[in-house]
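These notes are about the structure you will find just below.
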Amino acid sequence: MLSQIKVLEFAGLAPTVFIGMVLADYGAQVTLLSRLDAQPQNSPMNRGKKSMTFDLKCSQDIEIVKLMIKDSNVLIDPYRPGVLERLGLSYQICSKINPKLIYCRVTGFGQNSPLKEKAGHDINFISYGGVLGYCASTGTQKRPAIPGNVIGDFAAGGMLGVASILAALINVQKGGNGQQIDLGMAQGAAYLSQFILHQKNEKLWSNGIGNNVLDGGTHFYNIYQCKDGKFMSVGCLEEKFYQDFVKGLIEGGLSQQRGQFLLENQLNANEWENLKQEISKLFESKTRDQWEKIFDQFDACVSPVVDLEEYETKNYLGENVFINRNGKIEVNGQPIFSDYQYQIKDIPKVGQHNNEKPKL
Numbered sequence: 006m007l008s009q010i011k012v013l014e015f016a017g018l019a020p021t022v023f024i025g026m027v028l029a030d031y032g033a034q035v036t037l038l039s040r041l042d043a044q045p046q047n048s049p050m051n052r053g054k055k056s057m058t059f060d061l062k063c064s065q066d067i068e069i070v071k072l073m074i075k076d077s078n079v080l081i082d083p084y085r086p087g088v089l090e091r092l093g094l095s096y097q098i099c100s101k102i103n104p105k106l107i108y109c110r111v112t113g114f115g116q117n118s119p120l121k122e123k124a125g126h127d128i129n130f131i132s133y134g135g136v137l138g139y140c141a142s143t144g145t146q147k148r149p150a151i152p153g154n155v156i157g158d159f160a161a162g163g164m165l166g167v168a169s170i171l172a173a174l175i176n177v178q179k180g181g182n183g184q185q186i187d188l189g190m191a192q193g194a195a196y197l198s199q200f201i202l203h204q205k206n207e208k209l210w211s212n213g214i215g216n217n218v219l220d221g222g223t224h225f226y227n228i229y230q231c232k233d234g235k236f237m238s239v240g241c242l243e244e245k246f247y248q249d250f251v252k253g254l255i256e257g258g259l260s261q262q263r264g265q266f267l268l269e270n271q272l273n274a275n276e277w278e279n280l281k282q283e284i285s286k287l288f289e290s291k292t293r294d295q296w297e298k299i300f301d302q303f304d305a306c307v308s309p310v311v312d313l314e315e316y317e318t319k320n321y322l323g324e325n326v327f328i329n330r331n332g333k334i335e336v337n338g339q340p341i342f343s344d345y346q347y348q349i350k351d352i353p354k355v356g357q358h359n360n361e362k363p364k365l
């Protein structure tokens with residue numbers, strides 16, 4: 006789909022590598038620009054890319070990069086503010102070389118925020134972005150839960166970066182010029198929280214961490230540990246799903262009397278804590294697979310919490326979602342297009358395509 010699009014990706018960490026992967030999966034010609042002393046880049050997020058190495062302190066290598074910029078559509082900058090400027094590759098310079106260039110800069114806090122010079126990782130970005138404050142842990146301890154690094158790095162940084170680049174490319178195709186994209190992951194995380202902010206504005210999310218409908222405050226939107234230490238997730242917000250949830254609990258050992266009590270008290274916040282404890286004990290009476298088998302009979306929005314490794318033996322998501330490359334699992338390109346087939350290519354060795362550098 007993007008076979009005519011040329012992307013220069015300066016080697017960085019998770020979000021920009023992910024942006025490059027998605028664009029490569031969609032067919033773009035992505036070239037990874039690494040340091041001469043770069044370590045092997047065996048991450049599947051580098052699949053389908055070309056790899057070249059440069060000494061960015063060498064003026065000759067900078068001139069070669071400028072030649073590549075002249076012939077490219079997109080440049081991805083993973084560095085902290087000011088790095089490319091000091092190398093002589095600022096947006097002002099690059100846009101003169103190529104006025105149609107999309108210059109995407111991904112940092113923790115953006116190029117111009119008060120925090121722009123502050124170091125950080127995903128957990129810090131989603132802290133300042135307001136996300137971590139509503140990711141509540143389950144159980145009695147009311148504190149934020151660490152949701153891995155998917156939200157900041159790969160959603161607020163990665164996917165928002167892809168969307169921004171594609172929007173800017175469409176603008177160029179319509180006759181516009183290229184532009185600089187200033188993507189801060191903290192700001193992106195706040196953007197992803199638009200729904201939660203609306204809930205807070207409407208006083209629908211105002212009971213403190215871990216006490217609201219969508220953050221573990223209820224018995225019907227929660228995570229329960231099973232007998233084998235694995236987990237089941239419950240998300241039966243609507244009445245019809247909640248009714249089937251109760252039917253499944255009765256199938257699993259809950260009395261009819263307690264089942265009727267649950268049906269009558271779904272929205273009774275005064276009972277939520279007690280009901281969470283009661284349902285927790287019930288889930289601890291069976292393994293996750295036993296509960297999964299029970300709830301397969303009902304449309305209750307109840308699901309097993311699945312480890313990615315389990316997809317070697319279970320086919321929850323259908324065919325061609327996961328790929329086994331040399332004994333290691335990775336995810337195929339997503340989503341599924343009706344007129345495009347992903348061609349998942351090899352991961353390059355560092356500097357594998359140095360012989361394709363343009364000549365000065």
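Everything in the sequence shown is counted per the working numbering, starting at 6 for the first residue and increasing by one. Quick reminder that beta carbons are idealized off the backbone N, C-alpha and C, glycines included.
Which residue marks the beginning of the alpha helix (DSSP H) containing residue i, and which one marks its end?
i: P20; result: 19-30
i: N359; result: Careful: N359 lies outside any alpha helix (DSSP H) and carries neither H nor E.
i: M6; result: Run containing M6: none; DSSP gives neither H nor E here.
i: R148; result: Premise fails: R148 is in no alpha helix (DSSP H) and is neither H nor E.
i: G162; result: Segment: none, G162 is in no alpha helix (DSSP H) and carries neither H nor E.
i: Y247; result: 244-256
i: Y82; result: Checking the sequence shown, residue 82 turns out to be Asp, not Tyr. It is not in any alpha helix (DSSP H) - D82 instead sits in the beta strand (DSSP E) that spans 79-82.
i: K123; result: Here K123 belongs to no alpha helix (DSSP H), and DSSP marks it neither H nor E.
i: N329; result: Not the alpha helix (DSSP H): N329 falls in the beta strand (DSSP E), residues 327-330.
i: C140; result: Unbroken run through C140: none, as it is neither H nor E.
i: S64; result: 64-75
Can you list, in chain order, the residues of its chain with a C-beta nearer than 8 Å to that of residue i? Leave out the 5 residues immediately preceding and following it.
i: L365; result: Q65, E68, I69, L72
i: P119; result: none
i: S39; result: A16, Q46, S56, M57, T58, F59, V355, G356
Whose CA, out of the options, lies closest to the CA of residue i?
i: I10; options: N212, K105, C241; result: K105
i: I98; options: G115, I74, G257; result: I74
i: L92; options: N279, P119, N103, F59; result: F59
i: F342; options: Y31, V22, I24; result: Y31
i: L202; options: V136, V177, L242; result: V136
i: V35; options: K62, Q178, D76, P45; result: D76
i: E243; options: Q265, C306, K179; result: C306
i: E361; options: S56, A16, K245; result: S56
i: F432; options: N182, R148, P83, I328; result: Any question about residue 432 goes unanswered here, given that the chain covers just 6 to 365.
i: I131; options: N47, Q262, A160; result: A160
i: H358; options: Q204, G17, L41, N329; result: L41
i: F225; options: N206, S285, P45; result: S285
i: G183; options: W296, A16, Y96; result: Y96
i: K62; options: L89, P45, K121, Q44; result: L89
i: W210; options: A172, R148, Y139, G240; result: Y139
i: E122; options: Q271, L94, G87; result: G87
i: F246; options: N329, G332, D301; result: D301
i: E276; options: A191, N216, K205; result: N216
i: C294; options: A150, K235, S100, G264; result: The residue asked about is misnamed: residue 294 is Asp in this sequence, not Cys. Measuring from the Cα of D294, the nearest candidate turns out to be K235.
i: G323; options: K205, K333, P340; result: P340
How far does the beta strand (DSSP E) with residue i in it extend, from its first residue to its last?
i: I228; result: 226-230
i: M50; result: That residue, M50, is in no beta strand (DSSP E); it is neither H nor E in DSSP.
i: N129; result: Element bounds for N129: not the beta strand (DSSP E) but the alpha helix (DSSP H), 127-133.
i: S238; result: 236-240
i: Q185; result: 184-189
i: R40; result: 34-40
i: I349; result: Run containing I349: none; DSSP gives neither H nor E here.
i: L333; result: Here residue 333 turns out to be Lys, not Leu, going by the sequence shown. 333-336 is the extent of the beta strand (DSSP E) around K333.
Using a Cβ-Cβ cutoff of less than 7 Å, which residues in the same chain neighbour residue i once the five nearest sequence positions on both sides are dropped?
i: K232; result: E289, S290, K291, T292
i: L350; result: The question names Leu, yet the displayed sequence has Lys at residue 350. For K350, where only same-chain residues beyond five positions count, the Cβ hits under 7 Å are R52, G53.
i: Y347; result: D30, N337, G338
i: W296; result: C231, M237, G257, F288
i: V363; result: According to the sequence provided, residue 363 is Pro. The question's Val does not apply to it. Same-chain partners within the cutoff: I69, L72, M73.
i: N329; result: none
For residue i versus residue j, is the C-beta distance shorter than 8 Å?
i: L268; j: Q248; result: yes
i: I228; j: V310; result: yes
i: G25; j: L37; result: yes
i: L165; j: G193; result: yes
i: V27; j: N78; result: no
i: P20; j: E335; result: no
i: G213; j: L188; result: no
i: R110; j: I186; result: yes
i: A274; j: G221; result: no
i: L174; j: I102; result: no
i: N47; j: I352; result: yes
i: T112; j: R85; result: yes
Going by beta carbon distance, what residues of the same chain come within less than 6 Å of residue i, once the five residues before and after it are set aside?
i: V167; result: I24, V27
i: S308; result: S238
i: F303; result: D249, K252, G253
i: I299; result: G253, E256, G257
i: G181; result: none
i: N176; result: none
i: G240; result: Y226, C306
Hey, is the segment 127-144 in contact with the segment 152-161, meaning 3+ C-beta pairs nearer than 8 Å?
Because the criterion of three Cβ pairs below 8 Å is met, the segment 127-144 and the segment 152-161 touch.
Count the CB pairs spanning the segment 299-317 and the segment 267-281 that are closer than 8 Å, and state whether there are at least three.
Taking a cut-off of 8 Å on C-beta distances, the segment 299-317 does not touch the segment 267-281, as fewer than three cross pairs fall below it.
Would you call the segment 250-265 and the segment 190-199 in contact, with 3 or more CB pairs under 8 Å?
The segment 250-265 is not in contact with the segment 190-199.
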